[in-house]
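S.K.:
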Amino acid sequence: MPLAKTFSFIKDKFPESVYDVTESSGEQIFHIRSEVVRDVLEIFKEKGFNFLADITAIDNLTLGGFERYAVVYHLLSHDSLERVTVKAYVAEDKPSIPSVEKLWKTADWQEREIYDLFGITFDGHPNMVRIMNPDDFTGHPLRKDYPRLGNKERDDYPVIKPAFKRK
Amino acid sequence: MKITEKPLETERMVLNFGPHHPSTHGTLRIIMELDGETVVKATPEIGYLHSGFEKLGEDLDFNQYITITDRMNYLSPLCNNVAYALVAEKLMDIEVTKRTRYIRVLLSELSRIADHILNIGMLAVDLGALTSFLYGFRLREDIYDLFEMATGTRLTTSYTLVGGLMRDLPEGYGKEVNRVLVETDKVVNDIETLLNKNRIWQDRTKEIGVISKEDAISYGLSGPMARASGIDWDLRVKEPYSSYEDFDFDVVIALNGDVFDRYLVRTEEIRQSMKICRQALEKMPSGDVIIDPGLGYSLPPKDEVYNSIEGLIYHFEVTMPNRGMMPPVGEAYVPTESPNGELGFYLVSDGTRTPYRVRTRPPSLMNYSIFSKLIEGHMLSDAPAIIGSINVIAGELDR
Chain C
3 MPLAKTFSFI KDKFPESVYD VTESSGEQIF HIRSEVVRDV LEIFKEKGFN FLADITAIDN
63 LTLGGFERYA VVYHLLSHDS LERVTVKAYV AEDKPSIPSV EKLWKTADWQ EREIYDLFGI
123 TFDGHPNMVR IMNPDDFTGH PLRKDYPRLG NKERDDYPVI KPAFKRK
Chain H
575 MKITEKPLET ERMVLNFGPH HPSTHGTLRI IMELDGETVV KATPEIGYLH SGFEKLGEDL
635 DFNQYITITD RMNYLSPLCN NVAYALVAEK LMDIEVTKRT RYIRVLLSEL SRIADHILNI
695 GMLAVDLGAL TSFLYGFRLR EDIYDLFEMA TGTRLTTSYT LVGGLMRDLP EGYGKEVNRV
755 LVETDKVVND IETLLNKNRI WQDRTKEIGV ISKEDAISYG LSGPMARASG IDWDLRVKEP
815 YSSYEDFDFD VVIALNGDVF DRYLVRTEEI RQSMKICRQA LEKMPSGDVI IDPGLGYSLP
875 PKDEVYNSIE GLIYHFEVTM PNRGMMPPVG EAYVPTESPN GELGFYLVSD GTRTPYRVRT
935 RPPSLMNYSI FSKLIEGHML SDAPAIIGSI NVIAGELDR
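Chains as they are written, first to last, in our numbering: chain C, 3 to 169; chain H, 575 to 973.
#1: Determine, for C/Ser27, whether the minimum Cβ-Cβ distance to residues of chain H falls below 8 Å.
#2: For H/Val811, which option in C/Arg168, C/Leu83, C/Val73 has the closest C-alpha, if you only look at C-alpha atoms?
#3: Suppose contacts are defined by Cβ-Cβ distances below 8 Å. Is H/Leu829 in contact with H/Gly804 by that definition?
#4: Provide the residue(s) that pair with C/Ile99 in DSSP beta bridges, ordered along the chain.
#5: Would you please state the rounded distance, in angstroms, between the beta carbons of C/Ile162 and C/Phe124? I believe it to be under 8 Å.
#6: Which complete alpha helix (DSSP H) runs does the region 819-850 of chain H hold, if anything under 4 residues is left out?
#7: Hey, could you find the ends of the alpha helix (DSSP H) H/Ser946 is sitting in?
#8: Residues in its own chain within less than 6 Å of H/Gly831 by CB, not counting five upstream and five downstream?
#9: Ignore the nearest five residues each way along the sequence and tell me which others in H/Ser817's own chain have a CB closer than 6 Å to its CB.
#10: Can you pull the chain C neighbours of H/Met646, defined as C-beta to C-beta under 8 Å?
#11: Please list the partners that H/Met940 has in chain C, where partner means a Cβ-to-Cβ separation under 7 Å.
#12: Could you work out which residues of chain H lie near C/Phe53, taking near to mean beta carbons separated by less than 8 Å?
#13: Any chance you could list the beta strand (DSSP E) runs of at least 3 consecutive residues sitting entirely within the region 913-942 of chain H, in chain order?
#14: Give a yes or no on contact between the region 774-781 of chain H and the region 608-620 of chain H, applying the rule of three or more CB pairs nearer than 8 Å.
#15: Please list, in chain order, the residues of the region 911-928 of chain H that have any C-beta partner in chain C closer than 7 Å.
#16: Which value, in whole angstroms, describes the spacing of the CA atoms of H/Leu692 and H/Glu683?
#17: Strictly below 7 Å CB to CB, what residues from chain C border H/Leu665?
#18: Let me confirm a value: H/Glu984 is counted as buried when at least 16 other C-beta atoms fall within 10 Å, else exposed. Which label applies?
#19: For H/Ser946, I'd like the list of residues in its chain whose CB is within less than 7 Å of its CB, leaving aside the five on either flank, ordered along the chain.
#20: What is the rounded straight-line gap between the Cα of C/Arg114 and the Cα of H/Arg714?
#21: For the pair the region 88-96 of chain C and the region 55-73 of chain C, tell me if three or more CB-CB distances fall below 8 Å.
#22: Answer with buried or exposed for H/Phe707, where buried requires no fewer than 16 other C-beta atoms within 10 angstroms of its C-beta.
#23: Please tell me whether C/Asp130 has its Cβ less than 8 Å away from any Cβ of chain H.
#24: Using a threshold of 8 Å, state whether the C-beta atoms of H/Tyr815 and H/Leu660 are closer than that.
#25: Closest to C/Ile31 by CA distance: which of C/Asp137, C/Tyr21, C/Glu48, C/Ile133 is it?
#26: Can you check whether the CB of H/Val908 is closer than 8 Å to the CB of H/Met899?
#27: What residues in its chain sit with their C-beta under 6 Å from that of H/Pro901, if we drop five residues either side in the sequence?
#28: Spell out whether any CB of chain H is found under 8 Å from the CB atom of C/Asp56.
#29: List the residues of chain H whose Cβ lies closer than 7 Å to the Cβ of C/Leu83, in chain order.
#30: Kindly list the residues whose CB is nearer than 6 Å to the CB of H/Glu878, restricted to its own chain and excluding five residues on each side of it in sequence; keep chain order.
#31: What residue from C/Phe120, C/Asp81, C/Asn135, C/Lys167 has the CA that sits closest to C/Arg145's CA?
#32: For the putative contact between C/Lys104 and C/His33, defined by C-beta atoms under 8 Å, what is the C-beta separation to the nearest angstrom?
#33: Could you check if C/Lys15 is buried or exposed, using at least 16 other CB atoms within 10 Å of its CB as the buried criterion?
#34: Could you tell me the boundaries of the beta strand (DSSP E) in which H/Ile961 lies?
#35: Within 10 angstroms of the Cβ of H/Asn655, are there 16 or more other Cβ atoms? Answer buried if so, exposed if not.
#36: Distance cutoff 8 Å, beta carbons only. Does H/His952 sit that close to anything in chain C?
Below is the structure:
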C-alpha cells in the first residue's frame, strides 16, 4: 500500500498539520491545515500522483468541519491508477491558502474560479482576479450565506448559525 | 539638407476576438496582442455563459439536477446525464441493473460519435472546408433522431435517473442504430478521404498548436487532447465504469500533439465507438432498467404511477420534500470519459434530500486553459484551428 505509506510519511513530517484521514465511498480523504498544502501536494507529486484532476472548495458553514472553508484537491496517479482527495482547511477570518500553480499549471484558472465563487485568495498566484463573474461584482456566490433567491447583487446576507467552531 | 533615414516602425495592435466571432462557437472572448499577423499574447476571457449551475444544484434534489446537466455540454448531454447518475449512485451505494449499464454505454457512445463528428466538421468549416461539415451535420441529425426515439427529446435528454433510466429503449431500436452505424462508417470514410491527404488541410493543421506530454499533464488535459499528445489514458479502460470492462475496443493515441493529430484521434475514436455500440447491441441483456422502487431511491415507472395506487404512493414517497431519497452523509467523486475528456462530478451530501455541494469537473475548462500558450507565436489565422481542435463548449466551460 504505497498510499498508506505516503500518508504516514506526511504525518511524520508535519505532525501538527494533519487533522485526520477518513474514507468516503471508497475514497481516501486526507485532511490537513492550509499552510502546508503546497508542501504536502509536492510530496504527493513526488510519490507518483502526477495529475491534478480537480480543485474545488466547500463552504462548511452548515456542514461542519475543522474550519469554515475546505479547498479540495483530487489527485490522480497515471501509473498506479490511484486517486486521493486532499482537503485543506481555510480559516474564516483570513481566507487564504498557498497557491499550487507552480506545481501544476491547471491550478491557475481553477484557483481563480475558487477565488471568484468562494472568496478564498491564493498566495503566490500570478493573476488573482475574478474569472466567471465580472470584475466589479461584489460577493462570492457559492458561499452558503449568499442567498439563492432575489434580484440584483446581494448586500443583505442572512446570519446562519455555523456548525463549525468559531474562534 | 540632411536626410535622416528613420526605420519603419510598427505598432502592436490589440484585437478583440469574440465573444461573437463565428469561430468561437458560443461566447468565448480572447484579447489578442498582435505584431503584424503574429499573436504575441492572448488572454482568454471566460464567464460569459456563467449561469451558476453549482449554486442551483444546492437547491434541487438528485433527480432534478439531471435536467441541469443537459445544459452543460450541450453536444453530448447523455454523457453528462450518465456521469451525474453514476456519482449519485456511488454516494448512495446503489447497484443498477446490467441492462441499464449497457444502455448507458450505448447512448454515451452514440453521443460521442455525434460530438466528435460535429467537432471535426466545425474544425473543417472554420478552416474553409464546408463539405465535410455538411456530411457530418447530416449524420448528427440521424443520431439525434435516435436520441429522440429513446429519450423523447433531441437535446435536453435527461434520460437517466438515480438508480436507472427514465424508460426502456423502444422496440426495434437496435435495427435503427445499426442502420445509422452503417451510415456513420460511410461518412467517416468520406471525411477522411476529403481531408487526410488534402494539402491545404495538412498545411493548416500540422505543427499547429503542438502540446508536449509534460504540458498536457501539467495543464490537466484529458480525453482526445491528452491522447493526441501521446498519453495512454482512457478512463473507460483504466477505471472502467458502467460495465465498460465488458467491451473490447482500442485506445487511440497519437504522438505529435498538433491539431492534425487531435483530428485523427477523434476520427479513429468514432470507429472505436461504433465497435462498442455494435457490441452493446449484441450483448444487450434483458431485464429492468430501474432498481426496485421499494428501496426508496428510484422513481417508479410512469405506467404504475398513473394506473396503480401503490405506484402513486411510491412516487410521492420519493418526491415529497420531507421524505424519500435520503443519501448518507459523505462525498463521492466519479470521473467519466466524456467526448472532451475527464468529466467528473463531485457530490458532498449532508444527509438531506438536496446535495450540499455539486461540483462539475469540466474538461473544457482545463483544455481551454492551455490556449494562450498554444497560440503565442502563431498567426492569427491559426486561432480558429486551435480553438476548433480544443472543442471548447461554453456551457460546460462557464457553467
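Idealized CB from N, CA, C, for every residue including glycine.
Quick caveat: nothing in here was measured; it's all calculated off a predicted structure.
M.R.: Straight from the coordinates:
#1: Mapped onto the first sequence, residue 27 of chain C falls at position 25. Cβ-Cβ to chain H under 8 Å: yes for C/Ser27.
#2: Your numbering for residue 811 of chain H matches position 237 in the second sequence. Looking at the Cα atoms, C/Leu83 is the closest of the given residues.
#3: Position 255 of the second sequence, counted from the start, is the residue given in the question as residue 829 of chain H. Position 230 of the second sequence, counted from the start, is the residue given in the question as residue 804 of chain H. A contact, by the Cβ cut-off of 8 Å.
#4: Working through the first sequence from its first residue, we reach residue 99 of chain C at position 97. C/Phe124, per the DSSP bridge assignment.
#5: Here residue 162 of chain C refers to the residue found at position 160 of the first sequence. Here residue 124 of chain C refers to the residue found at position 122 of the first sequence. At roughly 25 Å, the Cβ-Cβ gap does not stay under 8 Å, so C/Ile162 and C/Phe124 are not in contact.
#6: Here no run is fully enclosed.
#7: Counted from its first residue, the second sequence places residue 946 of chain H at position 372. That run of the alpha helix (DSSP H) goes 945-949.
#8: Here the question's residue 831 of chain H lines up with position 257 in the second sequence. Leaving aside the five residues that flank H/Gly831 on each side, the residues in its chain whose CB is nearer than 6 Å to its CB run, in chain order, Val784, Ile785, Ala802, Ser803.
#9: One-based indexing of the second sequence puts residue 817 of chain H at position 243. Excluding positions up to five away in sequence, the list reads Arg675.
#10: The residue given as residue 646 of chain H occupies position 72 in the second sequence. What H/Met646 touches in chain C: nothing, since even the nearest Cβ is about 14 Å away.
#11: Along the second sequence, read from residue 1 onward, the residue named residue 940 of chain H stands at position 366. Within chain C, the residues near H/Met940 are Thr108.
#12: On the first sequence, residue 53 of chain C is found 51 positions in, with the first residue counted as 1. For C/Phe53, the neighbours in chain H by C-beta distance under 8 Å run, in chain order, Ile791, Gly794.
#13: 915-923, 931-935
#14: no
#15: Glu916, Gly918, Tyr920, Val922, Asp924
#16: One-based indexing of the second sequence puts residue 692 of chain H at position 118. One-based indexing of the second sequence puts residue 683 of chain H at position 109. About 14 Å.
#17: On the second sequence, position 91 is the one that residue 665 of chain H refers to. The answer, in chain order, is Ser27.
#18: Nothing can be reported for residue 984 of chain H: it is not among the residues displayed for chain H, which extend from 575 to 973.
#19: Translated into positions along the second sequence, residue 946 of chain H becomes position 372. Cβ within range, chain order: Ala616, Thr617, Pro618.
#20: Within the first sequence, residue 114 of chain C is the residue found at index 112, counting from 1. Within the second sequence, residue 714 of chain H is the residue found at index 140, counting from 1. Going by the C-alpha atoms only, they are around 36 Å apart.
#21: yes
#22: Your numbering for residue 707 of chain H matches position 133 in the second sequence. So H/Phe707 counts as buried.
#23: Numbered from 1 along the first sequence, position 128 holds the residue referred to as residue 130 of chain C. As written in the sequence, residue 130 of chain C is Met, which differs from the Asp given in the question. No, its Cβ sits nowhere closer than 8 Å to a Cβ of chain H.
#24: If you number the second sequence from 1, residue 815 of chain H lands on position 241. If you number the second sequence from 1, residue 660 of chain H lands on position 86. Against a cut-off of 8 Å, the Cβ pair of H/Leu660 and H/Tyr815 comes out as a contact.
#25: Counted from its first residue, the first sequence places residue 31 of chain C at position 29. The residue with the shortest Cα to Cα distance from C/Ile31 is C/Tyr21.
#26: The sequence position of residue 899 of chain H within the second sequence is 325, counting from 1. The sequence position of residue 908 of chain H within the second sequence is 334, counting from 1. Their beta carbons are not under 8 Å apart, which means H/Met899 does not touch H/Val908 by this criterion.
#27: The residue labelled residue 901 of chain H in the question sits at position 327 within the second sequence. Leu665, Met666, Ser923, listed in sequence order.
#28: For the purposes of this step, residue 56 of chain C is taken as the residue at position 54 of the first sequence. Yes - at least one Cβ of chain H is within 8 Å of the one on C/Asp56.
#29: Translated into the one-based positions of the first sequence, residue 83 of chain C becomes position 81. Those within 7 Å of C/Leu83 in chain H are Lys812, Glu813.
#30: Numbered from its first residue, the second sequence carries residue 878 of chain H at position 304. Contacts found: Gly885.
#31: In the first sequence, residue 145 of chain C corresponds to position 143, counting from 1. Of the listed residues, the one whose Cα sits closest to C/Arg145 is C/Phe120.
#32: Indexing the first sequence from 1 puts residue 104 of chain C at position 102. Indexing the first sequence from 1 puts residue 33 of chain C at position 31. About 23 Å; that fails the 8 Å criterion.
#33: Counting from 1 along the first sequence, the entry for residue 15 of chain C is found at position 13. Result: exposed.
#34: In the second sequence, counting from the first residue as 1, residue 961 of chain H sits at position 387. From DSSP, H/Ile961 is part of no beta strand (DSSP E) but of the alpha helix (DSSP H) over 957-964.
#35: Within the second sequence, the letter at position 81 stands for residue 655 of chain H. By the neighbour-count rule (16 or more Cβ atoms within 10 Å), H/Asn655 is buried.
#36: For the purposes of this step, residue 952 of chain H is taken as residue 378 along the second sequence, with counting starting at 1. Not closer than 8 Å to any Cβ of chain C, the Cβ of H/His952 fails to qualify, so no.
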